[in-house]
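Working notes for the structure below.
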Amino acid sequence: MREISLREAINEALAEEMERDTRVFMMGEDIATGGAYAGVTAGLSEKIGTDRIINTPISESCFTGAAVGAALRGYRPIIEYMLGDFVMVAADQVINQAAKARYMSGGRVCVPLTILCPTGGYLSQAAQHSQSLEVFYIHTPGIKVVYPSGAYSAKGLLKSSIRDDNPVAFLEPKVLWDEVEEVPEEEYIIPLGKANIVCGGSDLTIVAYGYQVKQAKKALESQTDYSIELIDLQTLDPLDLGTILKSVEKTGRLLLVQEDYRVCSLSEHIAYEVNASIDLRSKIEIISSKFAPVPFSPELEKDLLPQVEDIVSGIQKVMGDSGQKIVG
Amino acid sequence: MREISLREAINEALAEEMERDTRVFMMGEDIATGGAYAGVTAGLSEKIGTDRIINTPISESCFTGAAVGAALRGYRPIIEYMLGDFVMVAADQVINQAAKARYMSGGRVCVPLTILCPTGGYLSQAAQHSQSLEVFYIHTPGIKVVYPSGAYSAKGLLKSSIRDDNPVAFLEPKVLWDEVEEVPEEEYIIPLGKANIVCGGSDLTIVAYGYQVKQAKKALESQTDYSIELIDLQTLDPLDLGTILKSVEKTGRLLLVQEDYRVCSLSEHIAYEVNASIDLRSKIEIISSKFAPVPFSPELEKDLLPQVEDIVSGIQKVMGDSGQKIVG
Amino acid sequence: MEVITKKDIEALLRGGSRSLTISINTVITSIAMDLINKNGIILDYGDAKPENFRENNKRFKSEKNDLPPDLILSMYYSMLKIRLFEEHAKFSKENQIIPGDFVHLYLGEEAIAVGTCQALNKNDYITSTHRGHGHLIAKGADIKKMFAELLGKETGYCGGKGGSMHITDIDIGILGANGIVGAGLPIACGSALASKFDNDRSVTVSFFGDGATNQGTFGESLNFAKIFSLPVIFICENNSYAISTPISYGCSSPELSKRGQGYDIESVSINGDDVFEVYAAVNHYIDKIRKNPGPIFIEARTHRHVGHWVGDPQNYRSRKEMEDLPVHDPLKIFLDKIEDRDDIEDSRLQEIEKKVASEIKEAVIFADKSPYPPAQQSDKDYLKE
Amino acid sequence: MEVITKKDIEALLRGGSRSLTISINTVITSIAMDLINKNGIILDYGDAKPENFRENNKRFKSEKNDLPPDLILSMYYSMLKIRLFEEHAKFSKENQIIPGDFVHLYLGEEAIAVGTCQALNKNDYITSTHRGHGHLIAKGADIKKMFAELLGKETGYCGGKGGSMHITDIDIGILGANGIVGAGLPIACGSALASKFDNDRSVTVSFFGDGATNQGTFGESLNFAKIFSLPVIFICENNSYAISTPISYGCSSPELSKRGQGYDIESVSINGDDVFEVYAAVNHYIDKIRKNPGPIFIEARTHRHVGHWVGDPQNYRSRKEMEDLPVHDPLKIFLDKIEDRDDIEDSRLQEIEKKVASEIKEAVIFADKSPYPPAQQSDKDYLKE
Ligand SMILES: Cc1ncc(C[n+]2csc(CCOP(=O)(O)OP(=O)(O)O)c2C)c(N)n1
Ligand SMILES: Cc1ncc(C[n+]2csc(CCOP(=O)(O)OP(=O)(O)O)c2C)c(N)n1
Ligand SMILES: [Mg+2]
Ligand SMILES: [Mg+2]
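Chains as they are written, first to last, in this note's numbering: chain A, -3 to 324; chain B, -3 to 324; chain C, 168 to 552; chain D, 168 to 552.
The following block contains the structure:
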């Protein structure tokens, strides 16, 4: 099968959805003029036309609100923050407008809006350009949260996000933009709210999302001691708790891996849910970022953010007291 | 001892700290002209003077940023959002500027800034005026989070917040503004990062903060079956985990109560920490808000937000399978 | 900026004076205002009276008007409906029949919403504010559902979930009231963009207050609308106050239309208390931008006849200012202006008065009789399935 | 607004033309620009050339200058230091010696920072931007610590935690570079408020780009500074681009000083490529606001001689535009202007050149030799104990 990068996969999904539905359009900084940092919009101004690929001024509040307004009018806007961190200058329009409009109207309106948020660290971009902001969205009722782990899931999930009638925050792990994966030419869709079992196993369940799925895979490759099931969440909200619980019921052990800080995070949420309904064979472990803003210097950043080695130790730790090694 | 309301207690703390230190000043909408909704600033423009009680235009981003600028210059600003929900129009200045300035500078600068955030529901103010936003702050490194449960703790905690050299989000449970408590005339301070054991007990630990402490107290009054220890967190970040763990080690049971949603919340965080280090006698329970924006209509809001009865059932549930009633 | 405190008034009184000269950007603390009112001190703005700083645009003024009687009567109907609705809302809030703290009344500002919405079609759009009842009624909202929503009833516009500040009815072009100051402007831009896509000549009006012009979204939206030539009219309802903060203190210049000009947008200041002037201006510009899309900024000067919210003691306004308010009553101005119109018989006005009264009564009874929503509805409706 | 796409160019070529008339608010997609450059198409702005829309303020212009030689040499020193620092930063980034994606160079804009900071005292303050190196150097930052920070070294200004966009040095008045467009303006207002409290006649300068004038904080800050008469100078570095978006497309009017006027702020547009003009203007206004606090808005027109960030292919600029850039080089303009000054000997210029070269070399070596911070430092320093 052909291989394309995460960036190209997003580009294809955008193009295909805009071709499929003329009510889909896009706003963002420099997306029509070649200066867009993400580059996921390359060529769209030519392919789709500049009436629907709208280059905006640096006015995130305004173009977010404009997307809400157009969505209320039946359009299906996609907006891009050049970096996900910049949502903070538009936070009111996301949290108090887009996410609440439907509820406040008693279900009379809907806001089909997709927000592209280049997310995360590992790129020496320092504190204002490296944040993991999934909790900001997950903790807000009224907005779904999607976080693909590579080109394949990105394409299928983005198409579902654009077709969804609700606001969706689509978090792109920018460290993976150039990474290629096999992606079929034919159209496919990955429904929101469904996790993906990357590989099956019986000793331990690892739940991860975004770039951490890739890191977890590497960790798995480096060990053959245990039979490990790896789950890629894909959608963070609504969460596919069913798939997680089913897996942990089987394995009895859970390791959660995320780039985000641990305090008040999705992994702690999953831990709570699992603890509430399953008696485990060992304590749940969470691999996450240390609690401080993301530093610039590579060695500092490496120390702050989860690494493959951390996952490997996490596996050891969960298996440690209770696990039996596979005898090969 | 004399009794004063939460509103008066905050007013006293503000006045005393401004009298104590001329570098403390305050900015907010209508705080010098009698139109301030919170009313915690009543009379300050006369008492402290209008050069330090600054009435601002409706420009939350600007006055938050101005507070950061003045703090970098050695002042100790206090700002008030008329309602805590409005932080969303100033989110960048809080999350990307105030909270990160110190770290990004390698510890060269500090931002002594107190943010007053009237918080929470129970008042039929609907989705944009009733939010619990503690996770927004807790999940961000570089800003402390304080949430008093009444007049007494508010006064002592606010004084510590103002004297702290870091940004502090001070969340006021506005449903309690008019509620009186005994508050000494003499100066006192409650240090940040210390929880308060409201009453001791041996069967069950309840951890709550803000208005939920009052509700938990009512729940305790309505039962005499169990010996329950109630902990008022007071500061949410940094969290006084030591006090919680010590209590739960003794009781072996934990009920967490918060107004906030459960997903990715402080209670889930505490649950994770406790589960990680203590083997409990029964599963942890969390009483929290249902997951939807806060509705306007009183009956709806009552259904969404935690009530005393919910806490009572929570107690039953945790004690249910494992607890032995006090035989009286 | 300058702030007058108790000390200043005491000094004045000691000096035996009963007149205080203040400058354009002065604010007065509530304690000082109390002393001013108690001692009958006259505030003298001298040449700095805000009005003097405002260029009076004569263009849309007219002593007489030649609008057709039906249109005039329709204006009367709408203004009166708002007036009575708000009086009932006030009463209901004061008597705790409406839950919550926040009911912002449109009393005294009726001419802006009505003059504007009379110039709009059903498939034109508006964004509204915290002070939204007037806009909604003028745009044709059902006052039964409105009043029911104010009471938190199941039959309300939002099934009780929204309340006074969140009423929405897209079918008649109401994109929503809003509890966040300044949040409606970007949303209006998006609606105007949709109109460009739809290419149906519809326009969007964004209402907001003088205080909202200091919110970041204001500048962003004016620029955005200009560069994309969006068919949107920004109508600033300048009632001189953002809660207790006078515009002369909070805004860099009391001439708000300057701000529009700063963004290269055609801008005009009008008398928002005169429904005919509002109608003339909005009608003119809507005509213009239906043909030739692009933003317009209108500053409509008006007066808030009551507190910011029901319950506001207004201890920042001088007694004199309050006493002068009736002069600016848009209904009075309206009636004065149609007095010599022979083609509008008193009987027709009385008919309207009766009609409005009975509609209001019906709405209040409807709301009162309606059930509250079932409690378990509380966490429904936040996502579309 | 109008967008030129490949189709438009192809049509033009089919028609045999090699000249394209475009209007003021046109943008060109990168594919279209590629065709334009490949086919040598001339872009013809006609009367709509952005420059023609700008009122040229003659007030601070001078063909000759009578500044003292030491000041002139000091300007040369600073401008050259920035130039060489940036050349080294460019090289280091292009060769992956600097980590990360974001190095925004000040090449070609040196005259603004230098002309401004020469008029400031040590205890005056600045807020800077993502494109901050020039501001920091002009305000007296230590280039050893700067370069070390760019490399992420322990000896850097932020101990490696901040990098290029987050350098701060309060001791010499640098309140911080900033990675968020428009975030510096409110912070500058707060600093100016502190100066009013301190009553020490210090002033604050806020640098920001043309693109930042579309961010909400811009309008909020101008209003805020005006109503509180804050001693702050807003200096808009108008290099005509926000990344690839031309100001003529992104801003409602290319006359940015209009926006300042909209907020009733004394506003002026100057040639930001001429250090003498910048100095004259800033010096004049600083004098003024030290005595009489209040905000000033200066639009300094300049040219970005390189990409938005190192690595930017600039496929949105025409070849012609790029070729014309050297004319606007502030160092060239400076040298031309001092050519007939007999009191400035070539030897002194050469001395400065040597001095700067050796300082830069020293800084680069210092940075290179410095250790990286210990990894466990990563979660230190975010709270003050
Ligand atoms: C972002 C934000 N800040 C503050 C408030 C609180 N608030 C509600 S109405 C109001 C005053 C608005 O004044 P103006 O825009 O002039 O409208 P008016 O009330 O006079 O109609 C304020 C400060 C809010 N709702 N939103
Ligand atoms: C709030 C925000 N939005 C977007 C960006 C991404 N970004 C960085 S620099 C820039 C362009 C800034 O243009 P301008 O203000 O003219 O400054 P210049 O780069 O030309 O010096 C953009 C969009 C950002 N850093 N912050
Ligand atoms: Mg107003
Ligand atoms: Mg620029």
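C-beta atoms are modelled at their ideal positions from N, C-alpha and C, and glycine is treated no differently.
Those residues which DSSP pairs with residue i across a bridge
{"i": "TYR292 (chain D)", "result": "D:THR371"}
{"i": "THR196 (chain C)", "result": "Paired residues: none, contrary to the question."}
{"i": "ILE341 (chain C)", "result": "C:ILE293, C:ASP336"}
{"i": "GLU225 (chain B)", "result": "B:THR201"}
{"i": "ARG400 (chain C)", "result": "For clarity, residue 400 (chain C) is Ile in the given sequence; the question names Arg instead. For ILE400 (chain C), which the question treats as bridged, DSSP gives the partners C:VAL372, C:ILE463."}
{"i": "LEU68 (chain A)", "result": "None, per the DSSP bridge assignment."}
{"i": "ILE171 (chain D)", "result": "D:ILE195"}
{"i": "LEU187 (chain D)", "result": "D:LEU210"}
Residue i CB to nearest heavy atom of ligand 6 below 7 Å
{"i": "GLY378 (chain D)", "result": "As presented, the structure is devoid of ligand 6, carrying ligand 1, ligand 2, ligand 3 and ligand 4 as its sole ligands."}
Sub-8 Å separation of residue i and residue j beta-carbons
{"i": "LEU153 (chain A)", "j": "VAL203 (chain A)", "result": "no"}
{"i": "PRO289 (chain A)", "j": "TYR549 (chain D)", "result": "yes"}
{"i": "ILE465 (chain C)", "j": "ILE410 (chain C)", "result": "no"}
{"i": "THR46 (chain A)", "j": "LYS140 (chain A)", "result": "no"}
{"i": "LEU352 (chain D)", "j": "PHE395 (chain D)", "result": "no"}
{"i": "PRO187 (chain B)", "j": "SER145 (chain B)", "result": "no"}
{"i": "ALA94 (chain A)", "j": "VAL142 (chain A)", "result": "no"}
{"i": "TYR446 (chain C)", "j": "LYS393 (chain C)", "result": "no"}
{"i": "PRO108 (chain A)", "j": "ARG72 (chain A)", "result": "yes"}
{"i": "VAL85 (chain A)", "j": "GLY383 (chain D)", "result": "yes"}
{"i": "ALA28 (chain A)", "j": "THR196 (chain D)", "result": "yes"}
{"i": "ILE511 (chain D)", "j": "PRO235 (chain D)", "result": "no"}
{"i": "ILE304 (chain C)", "j": "PHE252 (chain C)", "result": "yes"}
{"i": "ILE347 (chain D)", "j": "ASP221 (chain B)", "result": "no"}
{"i": "ASP299 (chain B)", "j": "ALA542 (chain C)", "result": "yes"}
{"i": "LEU389 (chain C)", "j": "ILE432 (chain C)", "result": "yes"}
{"i": "GLY116 (chain A)", "j": "GLU245 (chain A)", "result": "no"}
Residue range of the beta strand (DSSP E) that includes residue i
{"i": "VAL435 (chain C)", "result": "433 to 438"}
{"i": "ASP237 (chain C)", "result": "Unbroken run through ASP237 (chain C) is the alpha helix (DSSP H), 236 to 261; no beta strand (DSSP E)."}
{"i": "GLU156 (chain C)", "result": "Missing from the structure shown is residue 156 (chain C); chain C here goes from 168 to 552 and no further."}
{"i": "ILE209 (chain D)", "result": "209 to 211"}
{"i": "ASN51 (chain B)", "result": "49 to 52"}
{"i": "LEU119 (chain B)", "result": "Element bounds for LEU119 (chain B): n/a, residue is neither H nor E."}
{"i": "ASP233 (chain B)", "result": "231 to 233"}
{"i": "ASN450 (chain D)", "result": "Segment 442 to 458 is the alpha helix (DSSP H) holding ASN450 (chain D); no beta strand (DSSP E) there."}
{"i": "ILE347 (chain D)", "result": "Segment: none, ILE347 (chain D) is in no beta strand (DSSP E) and carries neither H nor E."}
{"i": "LEU328 (chain A)", "result": "Chain A is shown from -3 up to 324; residue 328 (chain A) falls before or after that span and cannot be answered."}
{"i": "ILE328 (chain A)", "result": "It is not possible to answer for residue 328 (chain A), since the shown part of chain A is limited to -3 through 324."}
Residue range of the unbroken alpha helix (DSSP H) whose run includes residue i
{"i": "CYS106 (chain B)", "result": "Looking at the DSSP string, CYS106 (chain B) is not in any alpha helix (DSSP H), and its letter there is neither H nor E."}
{"i": "TYR416 (chain C)", "result": "414 to 417"}
{"i": "CYS356 (chain C)", "result": "351 to 365"}
- Which ranges does the beta strand (DSSP E) cover as unbroken runs of at least 3 residues, wholly within the stretch 135 to 175 of chain B, from first to last along the chain? DSSP runs (the beta strand (DSSP E)) wholly in the stretch 135 to 175 of chain B: 140 to 142, 163 to 169.
- Uninterrupted alpha helix (DSSP H) stretches inside the stretch 500 to 534 of chain D (no shorter than 4 residues): List check, alpha helix (DSSP H) in window: nothing returned.
- Task: Pick out the complete beta strand (DSSP E) segments inside the stretch 267 to 299 of chain A, 3 residues or longer, and give them in chain order.
- Result: Runs of the beta strand (DSSP E) inside the stretch 267 to 299 of chain A: 281 to 285.
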